[in-house]
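Q:
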Amino acid sequence: MRDPFVFDSRSEFCKKPFGAVPCGSEVMFHVRPLTRDGYSRCVLVARREFSGEEIQMELLPEAVDGERTRFTGVLTAPSEPELLWYHFRLIRSDGSTALLDQSGWQETGEIQSWQLTVYEKTATPLWFGGGVVYQIFPDRFCRLSLPDPTGLVGNRWVHENWNDQPVWAPDPDGEVRNRDFFGGSLNGITAKLDDLAALGVTVLYLNPIFESASNHRYNTADYLRIDPMLGTEEDFRRLCREAKQRGIRVILDGVFNHTGSQSRYFNADGFYPGVGAAQSTDSPYFNWFSFHPWPTDYDAWWGIMTLPAVQENEPDYRDFIIRGQDSVVRHWLRAGASGWRLDVADELPDDFIAEIRTAMEETAPDSFLLGEVWEDATTKVAYSQRRRYLLGHELHGVMNYPFRTALIAYLRGGDADDFRETLEALRENYPPEAFLSLMNFLGTHDTPRILTVLGADNVPDNKADRAAYRLSPAQRQIGLERLRLAALILFTFPGAPTVYYGDEAAMEGWEDPFNRAGYPWEQEDTDLKAHFAELARFRRSFPALQAGVLHWIWTSGPLLIFARELDGQLLTTVVNAADVSQALSLPWSAPPARDLLTGQRFIPTDNAIPLTLPPRSGWLLQTDLP
Numbered sequence: 005m006r007d008p009f010v011f012d013s014r015s016e017f018c019k020k021p022f023g024a025v026p027c028g029s030e031v032m033f034h035v036r037p038l039t040r041d042g043y044s045r046c047v048l049v050a051r052r053e054f055s056g057e058e059i060q061m062e063l064l065p066e067a068v069d070g071e072r073t074r075f076t077g078v079l080t081a082p083s084e085p086e087l088l089w090y091h092f093r094l095i096r097s098d099g100s101t102a103l104l105d106q107s108g109w110q111e112t113g114e115i116q117s118w119q120l121t122v123y124e125k126t127a128t129p130l131w132f133g134g135g136v137v138y139q140i141f142p143d144r145f146c147r148l149s150l151p152d153p154t155g156l157v158g159n160r161w162v163h164e165n166w167n168d169q170p171v172w173a174p175d176p177d178g179e180v181r182n183r184d185f186f187g188g189s190l191n192g193i194t195a196k197l198d199d200l201a202a203l204g205v206t207v208l209y210l211n212p213i214f215e216s217a218s219n220h221r222y223n224t225a226d227y228l229r230i231d232p233m234l235g236t237e238e239d240f241r242r243l244c245r246e247a248k249q250r251g252i253r254v255i256l257d258g259v260f261n262h263t264g265s266q267s268r269y270f271n272a273d274g275f276y277p278g279v280g281a282a283q284s285t286d287s288p289y290f291n292w293f294s295f296h297p298w299p300t301d302y303d304a305w306w307g308i309m310t311l312p313a314v315q316e317n318e319p320d321y322r323d324f325i326i327r328g329q330d331s332v333v334r335h336w337l338r339a340g341a342s343g344w345r346l347d348v349a350d351e352l353p354d355d356f357i358a359e360i361r362t363a364m365e366e367t368a369p370d371s372f373l374l375g376e377v378w379e380d381a382t383t384k385v386a387y388s389q390r391r392r393y394l395l396g397h398e399l400h401g402v403m404n405y406p407f408r409t410a411l412i413a414y415l416r417g418g419d420a421d422d423f424r425e426t427l428e429a430l431r432e433n434y435p436p437e438a439f440l441s442l443m444n445f446l447g448t449h450d451t452p453r454i455l456t457v458l459g460a461d462n463v464p465d466n467k468a469d470r471a472a473y474r475l476s477p478a479q480r481q482i483g484l485e486r487l488r489l490a491a492l493i494l495f496t497f498p499g500a501p502t503v504y505y506g507d508e509a510a511m512e513g514w515e516d517p518f519n520r521a522g523y524p525w526e527q528e529d530t531d532l533k534a535h536f537a538e539l540a541r542f543r544r545s546f547p548a549l550q551a552g553v554l555h556w557i558w559t560s561g562p563l564l565i566f567a568r569e570l571d572g573q574l575l576t577t578v579v580n581a582a583d584v585s586q587a588l589s590l591p592w593s594a595p596p597a598r599d600l601l602t603g604q605r606f607i608p609t610d611n612a613i614p615l616t617l618p619p620r621s622g623w624l625l626q627t628d629l630p
């Protein structure tokens with residue numbers, strides 16, 4: 005049975021400091037078994053993930069603490085980045101032993117070790133984690149004029165009606181090729197920069213903007229050319245310049261694991277004048293791809309033949325993407341980009357990612373490298389290898405899918421303690437700089453719209469029904485109330501709050517492509533949009549919300565309460581996700597508090613504030629510490 009009073013990796017009484025540690029740090033361990041159990045020795049047993057070496061360290065009996073004997077030891081963390089998996093072996097004077105791991109006392113069975121992340125402390129740009137990110141699917145954000153797709157790669161066509169539903173039916177051969185465009189452009193984004201600045205945005209994350217045959221542009225055809233329907237390189241440079249004038253940076257989407265079959269590198273249909281890998285074994289790009297045999301059988305991302313996979317270890321490819329003085333990574337940073345988001349980071353070799361980071365630091369030292377990782381990035385295993393995403397020389401931060409999953413579960417009737425456990429596990433495993441640099445979001449181009457998820461009673465069984473689905477007025481009202489709470493948590497939790505275009509406007513839709521409709525200009529939910537803007541203003545105004553220490557105050561059932569503290573500022577987020585009111589006596593030893601959302605003041609009595617929280621309600625309490 006688990007006994008947290010013996011050892012709790014998250015308690016300073018048992019392990020200090022909390023969580024991940026820099027290389028060479030000293031880590032204090034205290035193990036406190038019951039004296040009556042008769043243990044005279046305690047050994048910390050740790051295994052190094054990457055070297056396989058086992059470490060054993062004797063913890064010495066320091067004192068008898070009431071009914072418990074305390075064993076104490078100081079471990080010096082490895083001098084290079086590592087993951088340590090540890091447990092304890094306790095020994096009695098008669099030689100009998102017991103093992104203590106995350107699950108409790110073990111006599112037999114597989115050990116469930118605790119994790120200690122050891123990282124190299126390197127510089128992390130603060131502007132990302134301290135900012136507000138807005139994700140734009142470029143084809144669907146703002147159209148200034150109807151483009152002509154004639155002569156462009158791919159069999160494209162353009163919706164004349166901006167409010168059309170995106171096409172979702174597959175082609176006759178069963179493959180969805182995403183050839184319908186709406187005509188959003190870079191100049192359209194530039195035209196809306198004042199709107200984005202008013203929303204509080206400080207970072208724009210753009211889905212791919214390079215020439216491609218499809219509307220999502222994840223099948224890159226030319227890494228060094230802006231898709232003509234989006235504009236030109238000068239349009240991109242202008243966007244970056246004008247965004248910078250408003251305090252907004254731009255991050256690009258790098259799709260480096262695969263290209264498009266219609267790219268100039270593969271050139272399956274001969275669109276480009278050069279010779280692609282599908283046309284000749286003498287192509288300068290032939291070694292970028294793996295054929296079995298050439299030309300029709302080749303490695304493709306997830307078996308999708310329009311997405312031929314590249315060989316990232318091929319030197320010519322690395323030179324083109326990373327190493328060359330005018331490589332793809334360097335070129336677009338010099339053109340004005342402030343960072344890269346790496347698509348399917350788990351498909352990229354660790355050293356490939358590390359080389360991208362090095363090239364970025366050489367070219368634009370303050371640039372930010374973000375990775376698409378759907379799980380805990382410190383424990384991710386891909387292709388039978390433990391990945392090294394956050395150990396100091398790879399990614400600065402990752403997309404926080406666990407945050408979204410846990411938040412939705414909580415708001416739809418789950419237990420706040422489960423949300424806490426999910427995020428506390430990440431906080432324990434991630435380097436502090438990486439935890440503050442997480443991209444937290446409610447939705448992306450790869451997930452259903454958050455309003456639909458929070459309002460719907462169930463998911464329709466087939467795609468045709470999901471295409472036609474709209475929330476009822478009652479469902480929409482519930483969804484909006486939950487979404488306001490989701491936004492409150494998003495903007496006050498550690499990490500960069502990220503808004504997928506249109507979520508602040510109350511857009512609906514299930515999965516791709518229903519989550520990629522045109523932005524509803526002049527049809528937004530203005531109240532919801534104002535709520536997002538207000539939360540962004542609070543985040544800009546209070547450094548505690550950008551980089552403050554996280555304190556869990558109350559997590560039980562529908563009640564979620566946490567605080568952020570920094571340099572005399574204390575901001576407390578209070579949420580009731582239930583459909584009924586909740587009464588609570590909130591422990592409060594600080595001065596009186598004021599709800600920033602309503603202006604209501606709260607004066608504590610007897611070190612507590614009595615609260616009655618209406619259904620699906622939230623407060624943000626401000627306190628200035630003495």
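Numbering of the sequence shown is given in the numbering used here, commencing with residue 5 and proceeding in unit increments. Where a beta carbon is used, it is the ideal one built from N, C-alpha and C, also for glycine.
The beta strand (DSSP E) with M443 in it runs from where to where?
A: On the sequence shown, residue 443 is found 439 positions in, with the first residue counted as 1. From DSSP, the beta strand (DSSP E) with M443 extends over M443 to F445.
Q: In angstroms, rounded to a whole number, what distance separates the CA positions of L554 and V578?
A: Your numbering for residue 554 matches position 550 in the sequence shown. Your numbering for residue 578 matches position 574 in the sequence shown. Each residue's alpha carbon lies about 14 Å from the other.
Q: If you drop the 5 nearest sequence neighbours on each side, which residues of the same chain put their C-beta closer than 8 Å to that of A81?
A: On the sequence shown, residue 81 is found 77 positions in, with the first residue counted as 1. Taken in chain order, the residues that qualify are V25, P26, C27, G28, S29, E30, V31, L88, L120 and V122.
Q: Hey, how far is the Cα of A175 from the Cα of R541?
A: Counting from one through the sequence shown, the residue named residue 175 turns up at place 171. Counting from one through the sequence shown, the residue named residue 541 turns up at place 537. Before going further, note that residue 175 is Asp rather than Ala in the sequence given. Each residue's alpha carbon lies about 46 Å from the other.
Q: Using only the alpha-carbon positions, how far apart do F186 and V162 sit?
A: For the purposes of this step, residue 186 is taken as residue 182 along the sequence shown, with counting starting at 1. For the purposes of this step, residue 162 is taken as residue 158 along the sequence shown, with counting starting at 1. Straight-line Cα distance between these residues: approximately 5 Å.
Q: Looking at the structure shown, is D226 part of a helix, part of a strand, or coil, going by DSSP?
A: In the sequence shown, counting from the first residue as 1, residue 226 sits at position 222. Strand.
Q: Around the Cβ of D507, are there at least 16 other Cβ atoms within 10 angstroms (buried) or fewer (exposed)?
A: Along the sequence shown, read from residue 1 onward, the residue named residue 507 stands at position 503. Looking at its Cβ environment, which holds 16 or more other Cβ atoms inside 10 Å, D507 is buried.
Q: Unbroken beta strand (DSSP E) runs of length 3 or more, entirely within the segment 417-461: which are they?
A: 443-445
Q: Quick one, which of L395, E351, A349 and G178 has its alpha-carbon nearest P436's?
A: On the sequence shown, residue 436 is found 432 positions in, with the first residue counted as 1. Nearest of L395, E351, A349 and G178 to P436, Cα basis: L395.
Q: What runs of the beta strand (DSSP E), each 3 residues or longer, lie entirely inside the segment 164-231?
A: 207-210, 214-216 and 224-230
Q: With a threshold of 16 other CB atoms inside 10 Å of the CB of R6, please say whether the residue is buried or exposed.
A: For the purposes of this step, residue 6 is taken as residue 2 along the sequence shown, with counting starting at 1. Confidence at R6 is low in this model, with a pLDDT of 46, below 50, so its placement is unreliable and the value that follows should be read with caution. When all chains shown are included, R6 counts as exposed.
Q: Rounding to the nearest angstrom, what Cα-Cα distance links T101 and V10 in this structure?
A: Locating residue 101 in the sequence shown gives position 97, where the first residue counts as 1. Locating residue 10 in the sequence shown gives position 6, where the first residue counts as 1. The alpha-carbon atoms of T101 and V10 are separated by roughly 15 Å.
Q: For the alpha helix (DSSP H) containing Q249, list its first residue and its last residue.
A: Within the sequence shown, the letter at position 245 stands for residue 249. Q249 -> alpha helix (DSSP H) spans E237 to Q249.
Q: Helix, strand or coil for Y302, going by three-state DSSP, please let me know.
A: Translated into the one-based positions of the sequence shown, residue 302 becomes position 298. Strand.
Q: Based on Cα-Cα distance, which residue from L617, N223, L575 and W305 lies nearest to Y269?
A: As a working mapping, residue 269 is identified with position 265 in the sequence shown. Looking at the Cα atoms, N223 is the closest of the given residues.
Q: List the residues that DSSP assigns as beta-bridge partners of V78.
A: Taking the sequence shown and counting its residues from 1, the one referred to as residue 78 is at position 74. Per DSSP, M32.
Q: Would you kindly check if the distance between the Cβ of L430 and the Cβ of H400 is under 8 Å?
A: Indexing the sequence shown from 1 puts residue 400 at position 396. Indexing the sequence shown from 1 puts residue 430 at position 426. Not closer than 8 Å, so no.
Q: From G204 to L574, what distance separates their C-alpha atoms?
A: Here residue 204 refers to the residue found at position 200 when the sequence shown is read from its first residue. Here residue 574 refers to the residue found at position 570 when the sequence shown is read from its first residue. Roughly 22 Å separates the two Cα atoms.
Q: Quick test of your reading: N580 and L532, contact by CB under 8 Å. State the CB separation rounded to the nearest angstrom.
A: Reading the sequence shown from its first residue, position 576 is the one you call residue 580. Reading the sequence shown from its first residue, position 528 is the one you call residue 532. In fact, because the Cβ distance is near 19 Å, the residues do not count as touching under 8 Å.
Q: Report the option in R241, L200, T263 and N191 whose CA atom is closest to the CA atom of M233.
A: For this step, residue 233 is matched to residue 229 along the sequence shown. Considering only alpha carbons, the answer is N191.
Q: According to DSSP, is F17 helix, strand or coil?
A: Numbered from 1 along the sequence shown, position 13 holds the residue referred to as residue 17. The answer is coil: DSSP assigns F17 none of H, G, I, E or B.
Q: Of the residues G178, S149 and Y414, which one's Cα is nearest the Cα of N165?
A: Indexing the sequence shown from 1 puts residue 165 at position 161. Closest option to N165, Cα to Cα, is S149.
Q: I'd like to know whether the C-beta atoms of R183 and S216 end up nearer to each other than 8 Å.
A: Translated into the one-based positions of the sequence shown, residue 183 becomes position 179. Translated into the one-based positions of the sequence shown, residue 216 becomes position 212. No, the Cβ-Cβ distance between R183 and S216 is not below 8 Å.
Q: Per DSSP, which residues does A386 bridge with? Please list them.
A: On the sequence shown, residue 386 is found 382 positions in, with the first residue counted as 1. In the DSSP output, where bridge partners are listed per residue, A386 has Q389.
Q: What does a CB cutoff of less than 8 Å around L455 pick up in its chain, not counting 5 residues either side in sequence?
A: Sequence index remark: in the sequence shown, residue 455 carries index 451 (1-based). Here L455 has L475, R480, G483, L484, L487, D507, A510, M511 and E512 as same chain residues with Cβ atoms under 8 Å from its own Cβ, once five neighbours each way along the sequence are excluded.
Q: Considering only C-alpha positions, which residue in the set R605, K125 and R620 is nearest to T627?
A: Taking the first residue of the sequence shown as position 1, residue 627 is located at position 623. With distances taken between Cα atoms, T627 lies closest to R605.
Q: When burial is assigned at 16 or more other CB atoms within 10 Å of the CB, is Q266 buried or exposed?
A: What you label residue 266 is simply residue 262 of the sequence shown in a count that begins at 1. So Q266 counts as buried.
Q: With DSSP as the reference, please indicate the residues paired to V553 in a beta bridge.
A: Start at 1 with the first residue of the sequence shown, and residue 553 comes out as number 549. Bridge partners of V553: E569.
Q: How is the beta strand (DSSP E) around G258 delimited, first residue to last?
A: Residue numbering aside, residue 258 sits at position 254 when the sequence shown is read from its first letter. Looking at the DSSP string, the run of the beta strand (DSSP E) that includes G258 is R253 to G258.
Q: Taking 8 Å as the cut-off, decide whether the C-beta atoms of L197 and A247 are in contact.
A: Here residue 197 corresponds to residue number 193 of the sequence shown, with the count starting at 1. Here residue 247 corresponds to residue number 243 of the sequence shown, with the count starting at 1. Taking 8 Å as the cut-off, the beta carbon of L197 is found closer than this to the beta carbon of A247.
Q: Buried or exposed, going by whether 16 or more other CB atoms sit within 10 Å of the CB of K19?
A: Residue mapping note: residue 19 aligns to position 15 of the sequence shown, counting from 1. Result: buried.
Q: Do L208 and Y138 have their C-beta atoms closer together than 8 Å?
A: Mapped onto the sequence shown, residue 208 falls at position 204. Mapped onto the sequence shown, residue 138 falls at position 134. Closer than 8 Å, so yes.
Q: Express the C-alpha separation of W525 and P297 in angstroms, rounding to a whole number.
A: For the purposes of this step, residue 297 is taken as residue 293 along the sequence shown, with counting starting at 1. For the purposes of this step, residue 525 is taken as residue 521 along the sequence shown, with counting starting at 1. Approximately 50 Å between the Cα atoms of the pair.
Q: Decide if the segment 234-241 is in contact with the segment 306-326; the criterion is three or more beta carbon pairs, one per stretch, under 8 Å apart.
A: no
Q: Given this structure, state the Cα-to-Cα distance separating R361 from L346, to the nearest angstrom.
A: Reading the sequence shown from its first residue, position 357 is the one you call residue 361. Reading the sequence shown from its first residue, position 342 is the one you call residue 346. Going by the C-alpha atoms only, they are around 11 Å apart.
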